[in-house]
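Protein chains: 2
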Amino acid sequence: MPADRAPTRIQKKNRAAILEAALDVFSSHGFRGSTVDQIAKAAGLSKPNLLYYFPSKEAIFNELMTALLDTWLDPLRSLDPEGEPLEEILAYVRRKLQMSRDFPRESRLYANEIVQGAPRLHDVIATDLNVLVEEKAQLLQGWMDSGRINRAHPKHLLFSIWSLTQHYADFDAQVRTLMGEEDPFDAAPEYLETLYRRMLTPKP
Amino acid sequence: MPADRAPTRIQKKNRAAILEAALDVFSSHGFRGSTVDQIAKAAGLSKPNLLYYFPSKEAIFNELMTALLDTWLDPLRSLDPEGEPLEEILAYVRRKLQMSRDFPRESRLYANEIVQGAPRLHDVIATDLNVLVEEKAQLLQGWMDSGRINRAHPKHLLFSIWSLTQHYADFDAQVRTLMGEEDPFDAAPEYLETLYRRMLTPKP
DNA sequence: CATTGATTTGACCAACTGGTCAAACTCACG
DNA sequence: CGTGAGTTTGACCAGTTGGTCAAATCAATG
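Protein chains in written order, with full-length UniProt numbering: chain A, 1 to 204; chain C, 1 to 204.
Okay, structure coming up:
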């Protein structure tokens with residue numbers, strides 16, 4: 001393993017290649033379904049060479065997961081209490097949908113973990129994510145109480161946004177097969193915007 | 001392997017125990033993440049004994065999957081063209097949600113497969129499910145055209161129902177952690193009913 | 001261009017995995 | 001209770017897997 005000085009040019013390149021390859025492999029086979037050899041080949045390295053840069057398969061996975069979680073929660077963080085409620089929510093939906101289109105592997109990597117019981121993520125969810133969700137649920141509740149959007153269970157509202165947007169990445173194989181020629185992401189933005197508008201636009 | 005006569009008492013019991021155990025194991029570790037030994041132990045058998053009843057790990061998986069798919073598509077099949085549109089859709093949502101609550105392992109088994117690209121399911125999806133979806137999308141489109149429910153992309157409408165209802169089974173680990181003491185299935189039915197009512201109730 | 005640290009690799013290992021097999025055991029039935 | 005079919009198991013095998021290691025190769029610095 002490299003000394004803990006500043007990373008060399010080669011170290012940078014190879015570590016990046018490994019993480020990129022690992023994202024590909026882990027997201028489409030899950031942790032146990034992936035082999036170090038697979039990742040090494042996808043990164044253009046030999047297995048011992050890969051293990052020169054990361055101490056173990058799990059270390060690669062953890063680094064990937066940590067980086068993912070950070071960017072994953074960003075859109076929710078930027079739900080702005082000062083903004084116009086409905087537009088804020090719609091913007092959040094749009095951003096999440098974009099992430100499903102642009103980073104489907106990240107979404108599937110996350111989905112794989114949660115579906116299998118979140119063994120390696122339980123702590124982060126129970127602390128970091130939980131705090132964030134409590135805060136934003138309060139915000140939504142406030143908007144509902146002041147009548148600026150329709151009432152609905154705030155946490156379930158968040159779940160529904162995650163579910164609807166990530167579905168296009170996580171169930172991509174199914175969605176694409178059933179949509180035929182049509183690109184799912186053509187109609188999805190409008191569909192979701194309509195859905196949340198009709199649901200949340202306050203009835204006077 | 002048992003001769004192909006009528007199954008004995010022991011055969012019935014053990015095959016059932018194996019399938020039950022396999023559902024448990026496969027749904028929480030995926031196909032590659034599960035071992036025959038795990039399944040055997042969960043079924044209270046030795047590995048060779050299990051392989052006396054099923055020729056291979058894959059055979060167990062296939063039998064499980066086939067049985068699952070049949071019951072999985074039932075609720076959609078019974079979407080009734082003669083019924084009241086909005087009530088039919090709401091009934092479908094309710095049934096799907098109930099299945100998520102009562103058969104979460106089945107849901108996760110299915111999710112595991114699709115997330116990983118549906119390698120063993122692609123054919124069924126492209127044929128059976130596709131036909132069913134086309135048919136029901138037509139039905140929904142007809143209801144929209146006649147103004148009995150609001151317009152929305154019919155296939156995306158179906159996707160959204162699947163996504164929202166199965167989320168409670170597939171992401172159970174996350175949902176339960178974030179809901180704390182509250183049972184997610186307490187508020188979910190009302191939340192989803194409200195959502196689809198507001199979205200689909202026609203505005204004259 | 002020499003030397004030293006960084007990088008790469010072939011050979012290897014122990015643990016695990018899906019699956020086989022012959023021998024032993026159990027059960028239902030006459 | 002004996003017998004043959006149905007059931008169970010310990011021992012085993014070959015392939016895979018995560019990971020190690022010493023030796024070989026490469027790159028940058030003086």
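All C-beta atoms, glycine included, are put in the ideal place defined by N, C-alpha and C.
Owing to the predicted nature of the structure, the values given are computational and were not obtained by experimental measurement.
Let me know the secondary structure DSSP gives A:Asp123 once reduced to three states.
Position 123 of the first sequence, counted from the start, is the residue given in the question as residue 123 of chain A. Helix.
Selected residue, minimal CA-CA separation from C:Leu140, among C:Trp72, C:Ile10, C:Leu164 and C:Ile89
As a position in the second sequence, residue 140 of chain C is number 140, starting the count at 1. Of C:Trp72, C:Ile10, C:Leu164 and C:Ile89, the residue nearest in Cα terms is C:Ile89.
Any Cβ of chain C within less than 7 Å of the Cβ of A:Gln116?
Residue 116 of chain A sits at position 116 when you count from the first residue of the first sequence. Closer than 7 Å: yes.
Just to check my reading of the structure: C:Glu149 and C:Leu200 have Cβ atoms closer than 8 Å, yes? What is that Cβ distance to the nearest angstrom?
Indexing the second sequence from 1 puts residue 149 of chain C at position 149. Indexing the second sequence from 1 puts residue 200 of chain C at position 200. The displayed chain sequence assigns Ile, not Glu, to residue 149 of chain C. Right, the Cβ-Cβ distance comes to about 4 Å (below 8 Å), so this counts as a contact.
C-alpha distance - A:Asp74 paired with C:Pro48, whole-angstrom precision
As a position in the first sequence, residue 74 of chain A is number 74, starting the count at 1. As a position in the second sequence, residue 48 of chain C is number 48, starting the count at 1. Straight-line Cα distance between these residues: approximately 50 Å.
Where A:Pro119 and A:Glu113 are concerned, what is the direct C-alpha to C-alpha distance, given to the nearest angstrom?
Counted from its first residue, the first sequence places residue 119 of chain A at position 119. Counted from its first residue, the first sequence places residue 113 of chain A at position 113. The straight-line gap from Cα to Cα measures roughly 7 Å.
Just to confirm, is the Cβ distance from C:Ile39 to C:Ala67 under 7 Å?
Reading the second sequence from its first residue, position 39 is the one you call residue 39 of chain C. Reading the second sequence from its first residue, position 67 is the one you call residue 67 of chain C. Not a contact, by the Cβ cut-off of 7 Å.
Relative to the alpha-carbon of A:Phe54, which residue among A:Asn130, A:Arg94 and A:Gln11 has its alpha-carbon at the smallest distance?
Position 54 of the first sequence, counting from 1, holds the residue named residue 54 of chain A. Closest option to A:Phe54, Cα to Cα, is A:Gln11.
Quick check: the stretch 150–158 of chain C against the stretch 182–191 of chain A, are at least 3 beta-carbon pairs closer than 8 Å?
yes
DSSP state of A:Gly147 mapped onto helix, strand, coil:
One-based indexing of the first sequence puts residue 147 of chain A at position 147. Here A:Gly147 sits in coil by DSSP.
Hey, C:Ala169 and C:Ser100: beta-carbon distance below 7 Å or not?
Numbered from its first residue, the second sequence carries residue 169 of chain C at position 169. Numbered from its first residue, the second sequence carries residue 100 of chain C at position 100. Yes.
Which chain C residues sit within Cβ distance under 8 Å of A:Asp170?
One-based indexing of the first sequence puts residue 170 of chain A at position 170. Here the neighbours are Ala111, Ile114 and Val115.
Which value, in whole angstroms, describes the spacing of the CA atoms of C:Ala126 and C:Leu132?
By one-based count along the second sequence, residue 126 of chain C stands at place 126. By one-based count along the second sequence, residue 132 of chain C stands at place 132. If I take the Cα positions, the gap works out to 10 Å.
Name the residues in the stretch 155–170 of chain A whose C-beta lies less than 7 Å from a C-beta of chain C; which are they?
Lys155, His156, Phe159, Ser160, Ser163, Leu164, His167 and Asp170
CA-to-CA distance, C:His29 to A:Ala59, given in whole angstroms:
In the first sequence, counting from the first residue as 1, residue 59 of chain A sits at position 59. In the second sequence, counting from the first residue as 1, residue 29 of chain C sits at position 29. Using only the alpha carbons, I get a separation of about 20 Å.
Are the C-beta of A:Ala22 and some C-beta of chain C separated by less than 7 Å?
Numbered from its first residue, the first sequence carries residue 22 of chain A at position 22. Chain C contact via Cβ: absent.
At 7 Å on the CB atoms, spell out the chain C contacts of residue 212 of chain A, in chain order.
Nothing about residue 212 of chain A can be reported from this structure: the residues present for chain A run from 1 to 204 only.
Chain A beta carbons: is any one of them nearer than 7 Å to that of C:Tyr191?
Translated into positions along the second sequence, residue 191 of chain C becomes position 191. With 7 Å as the cut-off, C:Tyr191 counts as an interface residue toward chain A.
Per-residue contacts from residue 238 of chain C into chain A (C-beta, under 9 Å):
There is simply no residue 238 of chain C to check, as chain C begins at 1 and stops at 204 in what is shown.
Using a Cβ cut-off of 8 Å, pull out every chain C residue sitting near A:Met199, in sequence order please.
Mapped onto the first sequence, residue 199 of chain A falls at position 199. The answer, in chain order, is Thr194, Leu195, Arg198 and Met199.
Does any residue of chain A bring its CB to less than 7 Å from the CB of C:Asn62?
Locating residue 62 of chain C in the second sequence gives position 62, where the first residue counts as 1. For C:Asn62, the answer is no, since every Cβ of chain A falls outside 7 Å of its Cβ.
Could you work out which residues of chain A lie near C:Thr177, taking near to mean beta carbons separated by less than 9 Å?
Numbered from 1 along the second sequence, position 177 holds the residue referred to as residue 177 of chain C. Chain A residues near C:Thr177: Ala118, His122, Ile125, Ala126, Leu129 and Asn130.
Kindly indicate the opening and closing residues of the alpha helix (DSSP H) around A:Phe61.
For the purposes of this step, residue 61 of chain A is identified with residue 61 of the first sequence, where counting begins at 1. From DSSP, the alpha helix (DSSP H) with A:Phe61 extends over Lys57 to Arg77.
Could you spell out where the alpha helix (DSSP H) holding A:Leu109 opens and where it closes?
Translated into positions along the first sequence, residue 109 of chain A becomes position 109. Note, A:Leu109: alpha helix (DSSP H), Pro104 to Val115.
Measure from the alpha carbon of C:Gly147 to the alpha carbon of each residue in C:Val25, C:Asp80, C:Thr35 and C:Pro85, then state which is nearest.
Here the question's residue 147 of chain C lines up with position 147 in the second sequence. Nearest option by C-alpha distance: C:Pro85.
Chain A residues whose Cβ lies nearer than 9 Å to that of C:Ser28
Here residue 28 of chain C corresponds to residue number 28 of the second sequence, with the count starting at 1. Per Cβ cutoff of 9 Å: Val115, Gln116 and Gly117.
Got a sec? Which residues, its chain only, sit under 6 Å from A:Lys57 by beta carbon, not counting five neighbours each side?
Along the first sequence, read from residue 1 onward, the residue named residue 57 of chain A stands at position 57. Hits under 6 Å: Val36.
DSSP state of C:Ala169, grouped into three classes?
In the second sequence, the residue the question calls residue 169 of chain C occupies position 169. Reduced to three states, the DSSP call for C:Ala169 is helix.
Which residues in chain C sit within 9 Å of A:Arg32, going by Cβ to Cβ distance?
As a working mapping, residue 32 of chain A is identified with position 32 in the first sequence. Here the neighbours are His29, Gly30, Arg32, Gly33 and Ser34.
What distance in whole Å lies between the Cβ atoms of C:Arg108 and C:Ser163, which are believed to be in contact at a cut-off of 8 Å?
The residue you call residue 163 of chain C lines up with position 163 of the second sequence. The residue you call residue 108 of chain C lines up with position 108 of the second sequence. The Cβ separation is near 14 Å, so there is no contact.
For C:Phe31 versus C:Phe61, is the C-beta spacing smaller than 7 Å?
The residue you call residue 31 of chain C lines up with position 31 of the second sequence. The residue you call residue 61 of chain C lines up with position 61 of the second sequence. For C:Phe31 and C:Phe61, yes; Cβs fall inside 7 Å.
Where does C:Ala111 land, buried or exposed, given buried means 16+ other C-beta within 10 angstroms?
Along the second sequence, one-based indexing puts residue 111 of chain C at 111. Buried.
Hey, out of C:Gly33, C:Thr8 and C:Leu50, whose CA is closest to C:Ile18's CA?
Within the second sequence, numbered from 1, the residue matching residue 18 of chain C stands at position 18. Among C:Gly33, C:Thr8 and C:Leu50, the Cα nearest to that of C:Ile18 is on C:Leu50.
Below 7 Å on C-beta distance, what does A:Arg108 contact in chain C?
Within the first sequence, numbered from 1, the residue matching residue 108 of chain A stands at position 108. Residues of chain C passing the Cβ test: Val115.
Comparing alpha-carbon positions, which option in C:Arg77, C:Arg176, C:Asp70 and C:Gln116 lies nearest A:Gly117?
Here residue 117 of chain A refers to the residue found at position 117 when the first sequence is read from its first residue. Of the listed residues, the one whose Cα sits closest to A:Gly117 is C:Arg176.
Please report the distance separating the alpha-carbon of C:Gln98 from that of A:Lys13.
In the second sequence, the residue the question calls residue 98 of chain C occupies position 98. In the first sequence, the residue the question calls residue 13 of chain A occupies position 13. About 49 Å.
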